[in-house]
Every structure is written in structure tokens, then in C-alpha cells.
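To start, the structure under review is shown below, and the notes come after it.
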């Protein structure tokens, strides 16, 4: 190779776009923030999945995490809702235009406290969207108060100890019927990108609870949401492999050590078991695993539960055919004879 | 029994001028006793006899057992507001019977269950004891049906007393029970039983009578909520999210019902409107904003408590400039604060709903026709101005029965506002204005252009939607001049709205120096009050507001009169206060007439208010 070679053209995906064309604004978060790592994995996953960026609908609430939707896929529209209320906005948009690829980014305050009600109902309805919680156990933007996912016994920098139990978002999601529930860590990029691709291939709500340390307010020694703690304690339950729908699939795997799940779009997520006999499609095992991890204070990551054939909210609501938002005006207003018929019935 | 026979046998009242087609019938029952069908039959029969009529359900927040009243007003002059004095009382609820008898006007007719022994309570009314319990045992053999059928017996007694046309009664019964033969037969038997018993046993002494007129031909009877639902459907609504709340639930339910019949897409057979019953009103409006942002005609329907919960999202809708239609069927206050009574209680709070500076377009329907037509206007205005628009109905209008002419088919196409839907439209826009900037005022009317998510595969088509802190290119800013520019443009947009909202209806031909201003469901009582005042020699001009912001006609009307009475159905005179702010020094011409007991406004209240003011 000659040293005077032309600069190598950046690789492109199936839509002919470079990964850079999935980018967004420069982050304004603190240097080293876990959220920025997640943003990069979202960008990468969208690129690898060849999703047309103009189809991406970026949803968020309020908080540090919710700012990050401005930092990827700026060829797609974004909607920064009010605090804790992103699920409702995402639901409305998804119902009228299911062609949108809806990606919601929220935080532990936005999801587990002020937005708990909407979060619950989003899951219950199985609205088609990827819902990422960038979970650091504290409110960053208001300078370090505990959130509802803080572990009992964890300490703030100021010495304040959290006495209340943590809300386990994954357990909550499984309980409410979510068909794709994962836990990950912003420091585990390979796993995270695999889980994100799986989530994009899934139809219905997919929840990713990603531990994402707050370097400014919750990264000290007594925190259970710090880089050090997460790195030291992370136990992946499997290695994530992802085979997109357009790729030839090798049937060559050992079902004893590997679980293969076909997702809605025909992609496969292949889970190489690190924990003997764990079946990610078994709801009872999944709930048991989370219970156990809580008791043992283990930080288990991976695709905790998957149910790929669940009906989403559009199917359940009987909405189908063309996206409602694309039905031309002429088909929206009933004809005069319909109104006449109604008027006659009221005489 | 034929009508002719009934006509011949109609009892005459000796020595007292008959009161024909001009009185109220008040039916007192217990909630959940199944009187609704009977009351509808009574009302419809009067309507079918060509007599102008209205029916109001004065009901408790309860499913079974608490007192409820249905008041039917017949008015040969066409006045259909609530009437304060009751001409005919039908007393079916032992719990309220004594109180009910005390409240009727002297000379009233009182039909009551014999065993209640009410006839000793007053000596200035006409009592008609009826053994309902005994009659129902004779007339209805199925024990399970007796509780409902007993109400039909009073229809029969009233038919005898007031001279209802039995052929019309039968028609009304057929309509009520959708011509289900068995139900029609049982109910007609009970009605005839009541009528025949009354013929034999009672002697008419009161003056009240109903006689056929020809003032309702071709008209419909409808509740405002159903009318608004039809309007929303005809407006092409594509998304409804709602949380159940009295008195607005029936609007959503009617819309779901009508849409199920008339809004299946002709090409796919699938619904062209998506409906979500939300977890609360916050979510309801959130979903509406999501759908509106995505390009759909989206709405929610609620009442005061829901409006409070929607406050934050309304502000976001205002600043992010997302179209939304919010129907507020107003009622009385929070929690257990008379949730089933009427009020124009949300005018002030809704006009400026949310934090920061916010002001909204409010439409003020004054009839069921306007519930229909303004529902259509609301969608056009919401999309034209890219903002939440409120349709301010109330319980009286929304849940009561009103006579109206059939609604006309919309004569204008949908106004979808400034939306760039295709690549070609975007390119033409860029060629004309250099670039697409989401919040830039390129037309000078304060209204920017918008794109929709997922429509145009061009990088510059996308924008980021957020609250008040954005530049005209929709980028984040905390700069004071950017913020101020945006605020000033929003104010300009609101100025433009003044030219597009429905103008007030002005009747100023009397030459009087005295004016009345009212809005919404007050119109019925105010028109009647004008007529009563005119008979007393007090002529009044009248302006009926149909929207906020105020349009120039209102200030001109006030300027053109010496004294102007503003009628509000709330304690604080909310519209009165908004008008005082609007008209500057002319504010001293304004007086406030306020009605706020939870019952629909009646003409006497307005008459008394004007008379008291004029005596000063």
C-alpha cells in the first residue's frame, strides 16, 4: 500500500449511508458520561440495521438522558416531551404512523418516578418502540438527588444513604407483559449494540435498562451505579450474537449451549449461554433470575426475557392498512349520505 | 285508543284560562330507577306534536339510589332554556317528594304515588294521586320488568292530563326501543293502563295542556356531545385519546360509535381513526400531541379536572406548535365538587392554561349546531395555527337534549395548514425562502411551516421539537433575543388568529343604549330574557361571543352602548373580567350577571340582573 493512497472512503450500509450520516449534534454532557457511550451504540445499531434515518422518530422526556436524542440520527425528527411523559407522545405518534422507527431515551428519574405511570401503560399496551433507560440512580440535571432505582444502602457524595428499595425496571416490564427486556451496562459496548439491534428487530415495546454511571454525581466508591462497581460486578448471562434478516443463517449451533430466537423482522438473536440452562423465553425463569440477582446483589446483564410473537398495540387496536396519517383527506370525511342518514335517525 | 277519541274526551278546566304549550314538566325519580326511557318518550312525544321542547337531566354523581330530576320544557315561542317555575310535577321519589312539592309554582299539577299522601302539603296546587304500585302489579306480570314499567304508567297519566297524542306516544315508544316488538308492547300496555286509569278516576282541574303545533317539522333532537362527536367525525379526526370523565365521556363514546359505522376506510375496511383510552388526562393530551406532531388530526375530550392535568402539555403544544383539539365539557369544581352539574367554570384558566406566557384559541359553541360546526372549525384552526384549540362546551349543552335543524354538510374542504409533505413541496419552499426553518415567519402572519416525521427523505426536512427555548431553526437556545423573537412571533400568530376565529353574533337593531354580552349555553336563556325585558319596556341589544381571542366587533359593541351586562355561568364573572382587560376605559360600562348554582341558566336570572342594574 502506498503512503500516498487516496483517503479510504468510509464504508456504507445497505442504504448507502455512512455511520457518520447517522450522527447528530455534539454532546453537551459531562466528559466521560455513560450516556454518550450509549448514544454511540444507538448510532452504530441504526447504521448496522440500515434503518433510513429519516424514518427514525426520537422520543425523550426531561433529564440528562433525554438530551441525548439530539446527539444521533439528526436526519430524523425528535420530540423532547415534558418530564416523564414521553411514552404518551410516542404512543400517539406510533398509532398514526407505524412506519416510524420510534426510539425513546429516558432516565431513571424520568421513567421510574415522575413517568412511572406512563411507563407502566406503555408496557401494558406494547406500543412499538425501543425504550432505553439510561440508569444512573441519580438526578443529574438537578445535581445529584437519589432516584427510585438507587439501591438500598447506596450513598450520595454528601453522605446521604438511600433507605428505600430500588424499583427493578426489568422485573416491572416482564410483569407488565413486555416482550423484549434487557439489562446492560454502558461499559459493555459489544453486548449493548447486539441488544439494540435485537430491539430494533423486535415488534412491540422493547425495554433496555442500561446502567450508565453519572461521572459527576454518582461515580464514587460507595455508589452501586459507578463504573468500578458495574465493571467489578457485571455478570453477563449470555453472549449476544445478532444475525440480521438479510443474512444467511447458519444452523450450526449447539442448542445446549446456545439459544436462538427469531425476531419479528426475521432476524435472529443468538444467545450463547454463560449461565447453564437459562431460557430467555421462559417468563418464570426470568422473574426468578431477577429475584435472585437482587438477593445476591449481582449485576446480571443480557436479554433477560424475550417473547417475539406478542401482538403490538396497533394489532390489538385493530388499526392496520395504510398508516392513518397517510390516508388522503378525501377518505377521511364521510360522504353526505352518511350525515343525512345520521340526521334522519335523530328526527 | 285513537287520537280522535282522546281529543273529544280532553278534560276542560273550569274557570281558569288554559296554559297551552308553555310550561315545564318536572319528573322526580331515584337514580337508576330506569326513568330515562319514560322521560325521553314524554319529550319526544311533545316534539313530534310539533311543539318546541327541551329536556334536561339534573342528575347526581351516582349510579343508583340518589335523587334525580328530568325537566321537560314545552314552549310555543321556542324558548328552550331551563324554566325556574315548574308547571307539572311527577313525584316518583319518596325521598324528595316533600321538598319537590314545596318548590313547584302555585297552581301547578302534581302527579304522585298515592301512598305518599302529599296532598296535605299545600293548598295552592292540584294534586293527582295515582296508585302506581297497585297499577303496575295489575298491568305487568313479569316481576323483573315492573321497576321499569312503573315509569311508563306516569307517561300514560301525563298523556291523559296534558292531552298527548297517543299515536305520537306510540311512535316515540317505537323509537326508544328501536321497534323491538316485545318491549314496545309491554311499555305501551303500561302507558295505556295509566291513561285508562286516569280517564276513569281523575278529574282535570289544572290549566296545563299540550296542543299540536307545526314548529318542529324536519328538526332533530340531539345532545351537544353527540353533535360535537359528529362534527369531529366529519372533520376527519384521525386520533382520539380520552380518559373517562363526566360530562365528556359520552362525546368520546358517541364518536367511537359513529366512527365504527362511518369511518371505516373505503379502501382497506380498517378504521381511519385510532382510539386510545388513556391512563389519565396527562397521557391523553400527550398522545394527542404525538399524533398531531406526526401529522394526524388528533383530539381529546375532557372536563375541568382533566384540563388542569393537561396544563403542562398544553404549554408544550403552544410552544412546540403542535395542533391539538381539546373539547372541554365544563362542569363544576374539583374532586366531589358537583361533577354532574353545569358551569362555565374554565374560561379564564383555559384561556391562559400552562406556565410562562400562553394564550389559546377558545371556541364557544352556543347551540348543538355550533357543537357540530365548531368541532370542524377547531380542527381547521388547530392545523392552520399549529396550536392546541379548545372547544368550550358545558354539561347543559353537552348532555342535555336540544332541538335543532339538521346539520349541514361542511361546505369547505379540510384546512390542513402549512405542511410540507413531499420532497417537491420542500424543494419549492427552499427555492422561495432559501431554507426550511421550522419556526421562521416567512409569510408575515406569525405562522411557520412544518414537516412531518418520516415523510421526506431529505436531511434538512427533520427538526427537533422542544419547549420554548428554540431558535427559528428549531435548535436549542437560551439566548434572550432568540427567546424574545419567538415569543413575539407567537404573539403575532395570535393576532392573526383574531381574523380567523368565529365572529360574535350581534343583534343591535333595537336602538337601545343597553347591551347584553353572553356566550355558550347562556344564549337560550338570554334570548328569552330579552323577550321578557322587551315586554317590560326594556329593549336590549345583544352580542354573543363565539371565540377567544376577542375580535374587534366586541370592543365596538361595547363602545356603541352605554351599559353592557355580561352574563357568566360562574361566580367570578370570568368573561366579564377578560372583557374588562380587553376594552380599557370602556370597562366602566360593563356590569356582571353571574349564575353559579350548578343548574342551567334560566331567563329570570338574567332579567333580574338587568332590572337590578337599571334601578341603580
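Protein chains in written order, with our numbering: chain A, 1 to 347; chain B, 1 to 616.
Positions of the beta carbon are idealized from the N, C-alpha and C atoms, including for glycine.
Quick caveat, the model's predicted, so the values are computed rather than measured.
Subject >> Beta-carbon gap between residue 129(A) and residue 69(A) smaller than 8 Å >> reply: No, these two residues do not count as a Cβ contact at 8 Å.
Original post:
residue 211(B) to residue 25(B), Cα distance in whole Å?
Top reply: Annotation: residue 211(B) to residue 25(B) spans about 15 Å, alpha carbon to alpha carbon.
Original post:
Can the beta-carbon of residue 154(A) be found less than 8 Å from the beta-carbon of residue 111(A)?
Top reply: Going by C-beta atoms, residue 154(A) is not nearer than 8 Å to residue 111(A).
**OP:** Report the residue from 217(B), 182(B), 141(B), 524(B) whose alpha carbon sits nearest the alpha carbon of residue 83(B).
**Re:** Residue 524(B) is the option with its Cα nearest to residue 83(B).
Original post:
Could one say the Cβ of residue 236(B) lies closer than 8 Å to chain A's Cβ atoms, at least one of them?
Top reply: Taking 8 Å as the threshold, the shortest C-beta distance from residue 236(B) to chain A falls below it.
Original post:
What residues in the region 315-341 of chain B bring their beta carbon closer than 7 Å to a beta carbon of chain A?
Top reply: Within the region 315-341 of chain B, the qualifying residues are 316.
**OP:** Give a yes or no on whether 8 Å exceeds the smallest Cβ distance from residue 301(B) to chain A.
**Re:** With a threshold of 8 Å between beta carbons, residue 301(B) makes no contact with chain A.
**OP:** With a 10 Å radius around its C-beta and 16 neighbouring C-beta atoms as the bar for buried, classify residue 9(B) as buried or exposed.
**Re:** With a pLDDT of 45 at residue 9(B), under the threshold of 50, the modelled position of this residue cannot be trusted; read the value that follows with caution. If you draw a 10 Å sphere on the C-beta of residue 9(B), you find fewer than 16 other C-beta atoms in it, and that means exposed.
**OP:** Determine, using beta-carbon pairs with one atom in the region 392-404 of chain B and one in the region 429-444 of chain B, whether at least three such pairs fall under 8 Å.
**Re:** Short answer: they don't touch.
Original post:
Cβ of residue 120(A) within 7 Å of any heavy atom in the ligand GTP?
Top reply: No copy of the ligand GTP occurs in the structure displayed, which carries no ligand at all.
Original post:
What's the C-alpha gap between residue 241(A) and residue 174(A)?
Top reply: C-alpha separation (whole angstroms): 22 Å.
Subject >> CA nearest to the CA of residue 311(A), picked from 124(A), 34(A), 101(A) >> reply: Of the candidates 124(A), 34(A), 101(A), the one whose C-alpha sits nearest the C-alpha of residue 311(A) is 124(A).
Subject >> Candidates 467(B), 333(B), 470(B), 88(B): closest to residue 205(B) by CA position >> reply: Nearest C-alpha to residue 205(B) among 467(B), 333(B), 470(B), 88(B): 88(B).
Subject >> Which of helix, strand or coil DSSP assigns to residue 10(B) >> reply: Because the pLDDT of residue 10(B) is 45, which lies under 50, any placement of that residue in the model is unreliable, and the question is left without a value.
Subject >> chain B contact for residue 80(A) (CB, 8 Å cutoff) >> reply: Closer than 8 Å to some Cβ of chain B, the Cβ of residue 80(A) qualifies, so yes.
Original post:
What are the start and end residues of the beta strand (DSSP E) that includes residue 132(B)?
Top reply: That residue, residue 132(B), is in no beta strand (DSSP E); its alpha helix (DSSP H) goes 132-139.
Original post:
Under a CB-based cut-off of 8 Å, is residue 118(A) close to chain B?
Top reply: Closer than 8 Å to some Cβ of chain B, the Cβ of residue 118(A) qualifies, so yes.
**OP:** To the nearest angstrom, report how far apart residue 618(B) and residue 173(B) are at their CA atoms.
**Re:** With chain B covering 1 to 616 only, the question about residue 618(B) has no answer from this structure.
Subject >> Closest residue to residue 32(A) among 216(A), 44(A), 57(A), 138(A) (Cα-Cα distance) >> reply: Answer by Cα proximity: 216(A).
Original post:
Using a C-beta cutoff of 8 Å, does residue 268(B) count as contacting chain A?
Top reply: Closer than 8 Å: yes.
**OP:** Pull up the distance between the alpha-carbon of residue 5(B) and that of residue 405(B), whole angstroms please.
**Re:** With a pLDDT of only 39 at residue 5(B), under the threshold of 50, the placement of this residue in the model should not be trusted, and no figure is reported.
Subject >> chain A within 8 Å of residue 473(B), Cβ atoms only >> reply: For residue 473(B), the answer is no, since every Cβ of chain A falls outside 8 Å of its Cβ.
**OP:** Note down, one range per segment and in chain order, each beta strand (DSSP E) of at least 3 residues found wholly within the region 143-197 of chain A.
**Re:** Taken in chain order, the complete beta strand (DSSP E) segments of 3 or more residues contained in the region 143-197 of chain A are 180-185.
Original post:
Going by C-alpha distance, which of 490(B), 438(B), 91(B), 279(B) is nearest residue 357(B)?
Top reply: If we check each option's Cα against that of residue 357(B), 490(B) comes out closest.
Subject >> Nearest to residue 474(B) (by Cα), restricted to the options 488(B), 458(B), 439(B), 460(B) >> reply: Per the Cα distances, 439(B).
Subject >> Cβ contact (3+ pairs, closer than 8 Å) linking the region 295-309 of chain A and the region 184-192 of chain A >> reply: With the rule of 3 Cβ pairs closer than 8 Å, the region 295-309 of chain A counts as touching the region 184-192 of chain A.
**OP:** Please name the residues in the region 249-267 of chain B whose beta-carbon is closer than 9 Å to at least one beta-carbon of chain A, in chain order.
**Re:** Listed in chain order, the positions of the region 249-267 of chain B with a beta carbon within less than 9 Å of a beta carbon of chain A are 258, 261, 262, 263, 265, 266, 267.
**OP:** List the residues of chain B that residue 232(A) touches, going by C-beta distances under 7 Å, in chain order.
**Re:** Here the premise fails: no neighbours, minimum Cβ distance about 37 Å.
**OP:** Examine the Cβ distances between the region 89-103 of chain A and the region 278-295 of chain B and report whether three or more of them are shorter than 8 Å.
**Re:** With a cut-off of 8 Å, the region 278-295 of chain B and the region 89-103 of chain A count as touching, because enough Cβ pairs lie within range.
Original post:
How would you label residue 21(B), buried or exposed, when you count the other beta carbons within 10 angstroms and need 16 or more for buried?
Top reply: In the assembly as shown, residue 21(B) is a buried residue. Its beta-carbon has 16 or more other beta-carbons within 10 Å.
**OP:** May I ask you to report which of helix, strand or coil DSSP gives residue 227(B)?
**Re:** Correct three-state label for residue 227(B): helix.
Original post:
Cα-Cα, which of 342(A), 332(A), 72(A), 265(A) is closest to residue 198(A)?
Top reply: Nearest in C-alpha terms to residue 198(A), of all of 342(A), 332(A), 72(A), 265(A), is 265(A).
Original post:
In angstroms, rounded to a whole number, what distance separates the CA positions of residue 380(B) and residue 341(B)?
Top reply: In this model, residue 380(B) and residue 341(B) are separated by some 30 Å (Cα to Cα).
Subject >> Inter-residue CB distance, residue 78(A) and residue 58(A) (contact presumed, cutoff 8 Å) >> reply: Contact holds; Cβ gap of about 4 Å.
Subject >> Distance, residue 277(B) Cα to residue 249(B) Cα >> reply: Cα-Cα distance, rounded: 11 Å.
Subject >> 7 Å Cβ cut-off: residues of chain B touching residue 343(A) >> reply: Here the neighbours are 220, 406, 407.
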